[in-house]
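Participant:
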Amino acid sequence: MSATMQKVFGHPVSLKDVQTHFCPGCQHGTIHRLVAEAMDHFGIQGRTIGVASVGCSVFLYDYFDIDVVEAPHGRAPAVATGVKRVHRDKIVFTYQGDGDLAAIGTSEIIHAANRGEGLTVIFVNNTTYGMTGGQMAPTTLPEQKTTTSPYGRDVGSDGYPVRMSELLAGLEGTAYSARVAVNSPRNILQAGKAIRKAFGIQVETGGFSFVEVLSACPTNWGMNPLKANERVEEEMISYFKLGTFKDITES
Amino acid sequence: MNKRLFVKGNEAVAMGALEAGCRYYFGYPITPQSDIPEYISRELPRLGGQFIQAESEIASINMLLGASASGARAMTSSSSPGISLKQEGISYMAGSELPGLIVNICRSGPGLGGIDASQADYFQAVKGGGHGGYRIIVLAPHSVQEMYDLTMLAFDLSDRYRMPAMLLGDSVIGQMKEALVPHPYRRPDDHPDKDWAVAGKSGERAQKIVKSLYLGDGELEAHNWRLHDKCRRLADNEVRYEAVDLEDAELIVTAFGSTARIAKTAVKMAREEGLKVGLIRPITLFPFPEAAFAQATATAKKVLCFELNTGQMVDDVRLSVARDAEVFFYGRPPGAGSLPTPEELCGQIRKYCGS
Numbered sequence: 001m002s003a004t005m006q007k008v009f010g011h012p013v014s015l016k017d018v019q020t021h022f023c024p025g026c027q028h029g030t031i032h033r034l035v036a037e038a039m040d041h042f043g044i045q046g047r048t049i050g051v052a053s054v055g056c057s058v059f060l061y062d063y064f065d066i067d068v069v070e071a072p073h074g075r076a077p078a079v080a081t082g083v084k085r086v087h088r089d090k091i092v093f094t095y096q097g098d099g100d101l102a103a104i105g106t107s108e109i110i111h112a113a114n115r116g117e118g119l120t121v122i123f124v125n126n127t128t129y130g131m132t133g134g135q136m137a138p139t140t141l142p143e144q145k146t147t148t149s150p151y152g153r154d155v156g157s158d159g160y161p162v163r164m165s166e167l168l169a170g171l172e173g174t175a176y177s178a179r180v181a182v183n184s185p186r187n188i189l190q191a192g193k194a195i196r197k198a199f200g201i202q203v204e205t206g207g208f209s210f211v212e213v214l215s216a217c218p219t220n221w222g223m224n225p226l227k228a229n230e231r232v233e234e235e236m237i238s239y240f241k242l243g244t245f246k247d248i249t250e251s
Numbered sequence: 001m002n003k004r005l006f007v008k009g010n011e012a013v014a015m016g017a018l019e020a021g022c023r024y025y026f027g028y029p030i031t032p033q034s035d036i037p038e039y040i041s042r043e044l045p046r047l048g049g050q051f052i053q054a055e056s057e058i059a060s061i062n063m064l065l066g067a068s069a070s071g072a073r074a075m076t077s078s079s080s081p082g083i084s085l086k087q088e089g090i091s092y093m094a095g096s097e098l099p100g101l102i103v104n105i106c107r108s109g110p111g112l113g114g115i116d117a118s119q120a121d122y123f124q125a126v127k128g129g130g131h132g133g134y135r136i137i138v139l140a141p142h143s144v145q146e147m148y149d150l151t152m153l154a155f156d157l158s159d160r161y162r163m164p165a166m167l168l169g170d171s172v173i174g175q176m177k178e179a180l181v182p183h184p185y186r187r188p189d190d191h192p193d194k195d196w197a198v199a200g201k202s203g204e205r206a207q208k209i210v211k212s213l214y215l216g217d218g219e220l221e222a223h224n225w226r227l228h229d230k231c232r233r234l235a236d237n238e239v240r241y242e243a244v245d246l247e248d249a250e251l252i253v254t255a256f257g258s259t260a261r262i263a264k265t266a267v268k269m270a271r272e273e274g275l276k277v278g279l280i281r282p283i284t285l286f287p288f289p290e291a292a293f294a295q296a297t298a299t300a301k302k303v304l305c306f307e308l309n310t311g312q313m314v315d316d317v318r319l320s321v322a323r324d325a326e327v328f329f330y331g332r333p334p335g336a337g338s339l340p341t342p343e344e345l346c347g348q349i350r351k352y353c354g355s
């Protein structure tokens with residue numbers, strides 16, 4: 001018997017084969033790929049609708065080969081609710097940054113989760129406003145310098161970084177909530193599993209699933225990509241613990 | 001023969017919406033429009049629709065955006081302060097060329113103001129309301145029957161032109177009860193397919209994107225001119241107004257919504273006194289019936305505008321008549337007890353008519 005060639009790795013079908021606009025060392029590209037792999041895994045590209053938010057990830061439709069609705073800043077979970085209530089049989093996900101989801105859109109994400117909307121939310125936390133130019137985000141770490149916290153985040157005045165995964169896990173409507181990172185091969189594998197799990201929960205149970213992905217923003221952090229990756233490991237993961245905070249399929 | 005029913009204006013909006021096939025409602029409670037979500041929340045489940053009482057006005061307009069982007073006939077309703085909150089979403093819907101009905105049963109302001117009838121949101125409704133320079137279709141019912149009829153028309157125009165439509169009522173029209181003959185909805189023959197809506201990209205079909213971001217060279221400018229062109233087509237094809245006794249009129253009274261009801265009685269009283277007075281009641285506030293005013297003021301040289309505010313629609317009247325007629329204004333800014341009587345308005349007519 002002759003050996004046959006088997007394809008073991010390739011470009012995800014749900015992801016367009018184009019160059020992205022992301023900065024060097026930005027991890028949106030990795031996260032996009034993991035989301036596309038999850039769609040391919042379940043064979044749902046043809047029935048998935050993405051909801052883009054405002055910020056670096058607004059160009060979702062340029063990279064994913066799926067139908068997309070663009071939402072106002074922070075409102076993606078409300079827009080996605082409208083989409084899902086019309087398309088009950090479709091898979092709907094939002095892809096949001098930390099300013100979008102944890103500041104201006106706090107109300108929309110909490111109530112979408114609380115209603116148990118059949119959505120998957122990919123929340124990219126890089127502790128800063130990326131496209132706007134590195135301002136302080138609700139997830140900016142204590143003492144972290146940004147363009148609007150030039151002396152470092154003062155928790156006495158600015159409050160503390162918000163841990164969204166833990167917060168949403170406390171709501172009855174949430175089916176799945178996890179935090180992952182994409183700073184190492186091991187963490188990328190874990191992140192891929194969590195994102196697949198989140199889409200799987202929507203496919204199988206129709207519940208609300210949430211994955212927070214810790215991500216580097218070398219440009220706005222003023223670091224090279226390697227240093228930025230080290231910061232994720234050393235500073236972010238110690239405050240934003242990785243793990244699964246709720247999984248209704250486990251109980 | 002259709003039945004004659006005795007219903008509230010707000011209920012007529014809800015009945016008209018459901019009859020027109022609206023199956024998605026998103027809203028937040030606020031006086032004096034809460035009869036609309038109450039009625040719809042009771043009726044939608046048995047029709048297989050979706051009713052969501054959202055966490056805020058902001059969430060409800062964005063749910064409407066999402067449902068509309070998905071191709072559904074959908075609506076929200078609110079009153080003045082709530083409509084202010086919705087302006088962000090309305091701007092995005094206009095920019096994304098999405099249809100959808102927004103019902104505004106106005107109350108008085110500014111700020112918390114009061115819950116009395118008001119026409120102080122005329123500018124906000126007809127001049128765009130949110131950021132970015134856009135217009136939406138605005139219809140102004142003056143009876144319970146029109147609350148029903150114009151709700152249906154608003155959906156059809158909104159779909160035809162792919163832009164949001166607003167039904168601009170007030171607490172008098174919303175809360176009063178009178179006869180309604182609910183006729184069946186008839187879908188217009190030229191009703192467009194929503195082939196732009198997202199539904200999941202199956203097979204070889206190209207990706208569909210609903211968005212308002214245009215960053216390419218010249219893209220946004222072209223987009224804005226296209227939106228502007230739709231307004232021109234609206235002005236050419238969709239203007240609606242009611243004209244009364246214009247033939248020999250020397251003075252034209254104009255008013256919209258609840259004020260037009262009072263104005264009609266005042267004009268009748270003045271006619272009985274032998275005064276040569278007519279009335280133009282704009283039904284579409286955007287597009288505004290400019291030509292009707294221009295035509296009528298070829299002979300009538302005076303126009304008197306009544307509003308429940310300090311003067312808003314009167315600006316559009318002045319623009320419409322150019323220098324062909326003198327334009328006078330009588331306003332009662334909103335608040336408890338500020339609804340004018342027919343005798344009061346007739347007194348104003350006497351002041352300008354024949355003098």
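Here the protein sequences line up with chains A and B, keeping their order. Numbered by our numbering, the letters in the first sequence go through residues 1 to 251 in order. Numbered by our numbering, the letters in the second sequence go through residues 1 to 355 in order. Each residue gets a CB set at the ideal place from its N, CA and C atoms; glycine is no exception. Since this is a predicted model, take the numbers as computed values, not measurements.
1) Counting contacts by CB-CB distance shorter than 8 Å, is F306 (chain B) in contact with chain A?
2) Cβ of L65 (chain B) less than 8 Å from any chain A Cβ?
3) Could you round the C-beta distance between V182 (chain A) and V213 (chain A) to whole angstroms and report it? I think they count as a contact, below 8 Å.
4) Is there a Cβ of chain A sitting closer than 8 Å to that of K211 (chain B), yes or no?
5) Excluding the 5 residues preceding and the 5 following G114 (chain B) in the sequence, name in chain order all residues of the same chain whose CB lies nearer than 8 Å to its CB.
6) Which of the residues in the region 106–127 of chain A, read from start to end, lie with their CB under 9 Å from any CB of chain B?
7) So within the region 136–216 of chain A, which uninterrupted beta strand (DSSP E) runs reach at least 3 residues, ignoring any that extend past its ends?
8) Could you check whether the Cβ of Y352 (chain B) sits closer than 8 Å to any Cβ belonging to chain A?
9) In terms of residue numbering, what span does the alpha helix (DSSP H) encompassing P81 (chain B) cover?
10) Just to make sure I have the definition right: I need the residues of chain A whose C-beta is within less than 7 Å of the C-beta of Q50 (chain B). Which are they?
11) Can you tell me whether T4 (chain A) is helix, strand or coil according to DSSP?
12) Which residue's Cα is closest to the Cα of T265 (chain B): B:I283, B:D245 and B:Q175?
13) I want to know whether the region 195–211 of chain B touches the region 37–56 of chain A - three or more CB-CB distances under 8 Å.
14) Quick one: list the residues of chain B neighbouring D268 (chain A), beta-carbon separation under 8 Å, in chain order.
15) Run through DSSP, which three-state label would K301 (chain B) get?
16) Please report the straight-line C-alpha distance between G206 (chain A) and S118 (chain B), rounded to a whole angstrom.
17) Note down, in chain order, all residues in the region 192–213 of chain A with a beta-carbon under 7 Å from any beta-carbon belonging to chain B.
18) In the DSSP assignment, the beta strand (DSSP E) including Y330 (chain B) goes from what residue to what residue?
19) Under 8 Å, do I252 (chain B) and L279 (chain B) count as touching if we go by C-beta distance?
20) Can you pull out the residues from the region 22–54 of chain A whose beta carbon lies closer than 8 Å to at least one beta carbon of chain B?
21) Hey, could you find the ends of the beta strand (DSSP E) N104 (chain B) is sitting in?
22) Grab me the residues of A228 (chain A)'s own chain with a C-beta within less than 6 Å of its C-beta, minus the 5 sequence neighbours each way, in chain order.
23) Nearest to I195 (chain A) by CA position, among A:P225, A:V124, A:S238 and A:G55, is which residue?
24) What would DSSP say about F93 (chain A), mapped onto helix, strand or coil?
25) With 8 Å set as the bound, which would you pick, yes or no: does the beta-carbon of E70 (chain A) sit closer than that to a beta-carbon of chain B?
Facilitator: According to the structure shown:
1) Here residue 306 (chain B) is taken as the residue at index 306 of the second sequence, counted from 1. No, its Cβ sits nowhere closer than 8 Å to a Cβ of chain A.
2) For the purposes of this step, residue 65 (chain B) is taken as residue 65 along the second sequence, with counting starting at 1. With 8 Å as the cut-off, L65 (chain B) counts as an interface residue toward chain A.
3) If you number the first sequence from 1, residue 182 (chain A) lands on position 182. If you number the first sequence from 1, residue 213 (chain A) lands on position 213. Right, the Cβ-Cβ distance comes to about 6 Å (below 8 Å), so this counts as a contact.
4) Here the question's residue 211 (chain B) lines up with position 211 in the second sequence. At a cut-off of 8 Å between C-beta atoms, K211 (chain B) counts as an interface residue with respect to chain A.
5) If you number the second sequence from 1, residue 114 (chain B) lands on position 114. Hits under 8 Å: R107, S108, P334, G335 and A336.
6) Taking 9 Å as the cut-off between beta carbons, the residues of the region 106–127 of chain A near chain B are S107, E108, I110, H111, A112, N114 and R115, in sequence order.
7) 174–181 and 208–214
8) If you number the second sequence from 1, residue 352 (chain B) lands on position 352. False, the Cβ-Cβ gap to chain A never drops below 8 Å.
9) Here residue 81 (chain B) refers to the residue found at position 81 when the second sequence is read from its first residue. It spans S80 to G95 - the alpha helix (DSSP H) in which P81 (chain B) sits, taken as one unbroken run.
10) The residue labelled residue 50 (chain B) in the question sits at position 50 within the second sequence. Within 7 Å Cβ-Cβ: R85.
11) As a first step, residue 4 (chain A) is located in the first sequence; it is residue number 4 there, counting from the start. T4 (chain A): coil per DSSP, three-state reduction.
12) Walking along the second sequence from the start, residue 265 (chain B) turns up at place 265. Here the closest residue by C-alpha is B:D245.
13) yes
14) Residue 268 (chain A) lies beyond the residue range present for chain A, which begins at 1 and ends at 251; the question has no answer from this structure.
15) Here residue 301 (chain B) refers to the residue found at position 301 when the second sequence is read from its first residue. If DSSP states are grouped into helix, strand and coil, K301 (chain B) belongs with coil.
16) Indexing the first sequence from 1 puts residue 206 (chain A) at position 206. Indexing the second sequence from 1 puts residue 118 (chain B) at position 118. The alpha-carbon atoms of G206 (chain A) and S118 (chain B) are separated by roughly 45 Å.
17) none
18) Taking the first residue of the second sequence as position 1, residue 330 (chain B) is located at position 330. Start and end: E326 to G331.
19) Walking along the second sequence from the start, residue 252 (chain B) turns up at place 252. Walking along the second sequence from the start, residue 279 (chain B) turns up at place 279. Their beta carbons are under 8 Å apart, which means I252 (chain B) touches L279 (chain B) by this criterion.
20) Q45, G46, R47, T48, I49, V51 and A52
21) Along the second sequence, read from residue 1 onward, the residue named residue 104 (chain B) stands at position 104. From DSSP, the beta strand (DSSP E) with N104 (chain B) extends over L101 to C106.
22) Residue numbering aside, residue 228 (chain A) sits at position 228 when the first sequence is read from its first letter. Answer for A228 (chain A): G25, A216, P218 and W221, listed in chain order.
23) In the first sequence, counting from the first residue as 1, residue 195 (chain A) sits at position 195. With distances taken between Cα atoms, I195 (chain A) lies closest to A:V124.
24) Taking the first sequence and counting its residues from 1, one reaches residue 93 (chain A) at position 93. Reduced to three states, the DSSP call for F93 (chain A) is strand.
25) Indexing the first sequence from 1 puts residue 70 (chain A) at position 70. Judged by the 8 Å Cβ criterion, E70 (chain A) is in contact with chain B.
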